[in-house]
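Taking it in order: structure first as structure tokens, then the write-up.
Chains as they are written, first to last, in my numbering: chain Z, 1 to 271; chain E, 272 to 346.
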């Protein structure tokens, strides 16, 4: 029976696992590691999220050791897939430099490429992003490109060799949810590479609605880390991503402007 | 900028000038900073040093510019 797994188990099996650049991932939820109150809280939240891909940033070592910033003491690289980002880079050459430094750490050649164009909104500089994507692809990087929800840019990033395109739901850290479902849906429909929505998810319903557009996954950080109870929110996000994925796979009913009764209209009692 | 003293070299480490004894290797500097070479990436004068085994034989020179980076939390 085709649906035996749906009925007999609490955990639904995704018939098509997420595959990026030939690498199969067991979770469609990717999470960041920033903004947590403590490393212990971060680890618990990541575990609760069920995420396999976790993002990290590249920064100078604080030589005065005033803070315990190093994350590899807490994250087992054998257990998680480390995805370095180029957050904070405002031009292509800086982003390329950070990507090269990240690769030299020796874990993988993947990078979540960010080239930020505006300090206030942290919206991407798509021209610099495209330049950096081309250079890094030529150097053998697997580029996951953080971009805005613009179809034409997404198509150009795919042409440039990005292994995944990551349009925003709304600005980084804003928690505004998905501002343009049409744009996200269109990008997903037109691209061949996986589409991972990155940034803007504020709560579980946001994540669910994003996944219902048919995208391949979500990356989030602040939506979990800035919750009052990040660990519980991480678990909620896991459920929401799965719920949204299965709702998408189910094929939702058509929207109607009129009511259609769910119960029989015949067999009513006579008056 | 730190003035060079005899027997010492002045170099930039993560944007700050430091004075170290002449003849120190990169490995010696990392050890003095209590850094595990396996958990950091070092860029010297704009070039990433991919071979960590070379740190032990890499002599620090005056006016070297080192960037020592690692992974931190981020989204």
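Don't be surprised by glycine CBs; every beta carbon is placed ideally from N, CA and C.
By alpha-carbon distance to residue 189 of chain Z, the top candidate from Z:19, Z:155, Z:52, Z:69 is Z:155. If you keep only unbroken beta strand (DSSP E) runs of at least 3 residues inside the stretch 73-126 of chain Z, you get 81-85, 110-113. When Cβ-Cβ separations below 9 Å define contact, residue 296 of chain E makes no contact with chain Z. Residue contact with chain E for residue 61 of chain Z: present (Cβ-Cβ distance below 9 Å to some residue of chain E). Residues of chain E with a Cβ closer than 8 Å to the Cβ of residue 91 of chain Z do not exist, since the nearest Cβ in that chain sits about 16 Å away. Within chain E, 345, 346 have C-beta atoms less than 9 Å from the C-beta of residue 87 of chain Z, given in sequence order. Looking from the CA of residue 80 of chain Z, the closest CA among Z:65, Z:95, Z:43 belongs to Z:43.
Linking residue 314 of chain E to residue 324 of chain E through their CA atoms gives a straight-line distance of about 15 Å. Under the three-state reduction of DSSP, residue 261 of chain Z is assigned to coil, being neither helix nor strand. Excluding five sequence positions before and after residue 53 of chain Z, the CB atoms of its chain that fall closer than 7 Å to its own CB belong to 25, 30, 81, 83, given in chain order.
Between the stretch 88-103 of chain Z and the stretch 170-177 of chain Z, the count of Cβ pairs shorter than 8 Å is below three; the stretches do not touch. Annotation for residue 181 of chain Z: 209, 213 place their beta carbon closer than 8 Å to its own, counting only its chain and skipping 5 residues before and after. Chain-order list of chain Z residues neighbouring residue 331 of chain E: empty, with the shortest C-beta distance near 15 Å, by a criterion of under 9 Å. For residue 232 of chain Z, the uninterrupted alpha helix (DSSP H) segment begins and ends at 230-250.
Along the stretch 44-74 of chain Z, the beta strand (DSSP E) occurs as fully enclosed runs of 3 or more residues at 53-60, listed in sequence order. Interface annotation, residue 311 of chain E: in contact with chain Z, CB-CB separation under 9 Å.
Under a criterion of Cβ atoms nearer than 8 Å, the residues of chain Z adjacent to residue 285 of chain E are, in order, 60, 61, 63.
Interface residue (Cβ-Cβ distance to chain Z less than 9 Å): residue 306 of chain E is classified as such. Between residue 282 of chain E and residue 334 of chain E, the C-beta gap is smaller than 9 Å, which places the two residues in contact. Rounded to whole angstroms, the separation of the alpha carbons of residue 120 of chain Z and residue 185 of chain Z is 26 Å. Taking each of E:308, E:275, E:276, E:289 in turn and checking the Cα distance to residue 64 of chain Z, the smallest one comes out for E:289.
Listed along chain E are 345, 346, each with a C-beta nearer than 7 Å to that of residue 55 of chain Z. For residue 225 of chain Z, no beta strand (DSSP E) run applies; the uninterrupted alpha helix (DSSP H) run containing it begins and ends at 222-225, by DSSP.
Taking 9 Å as the cut-off, the Cβ atoms of residue 48 of chain Z and residue 247 of chain Z do not count as close. Annotation: the continuous beta strand (DSSP E) that includes residue 30 of chain Z extends over 29-31. Non-local C-beta neighbours of residue 275 of chain E in its own chain, meaning closer than 6 Å and more than five positions away in sequence, comprise 281, ordered along the chain.
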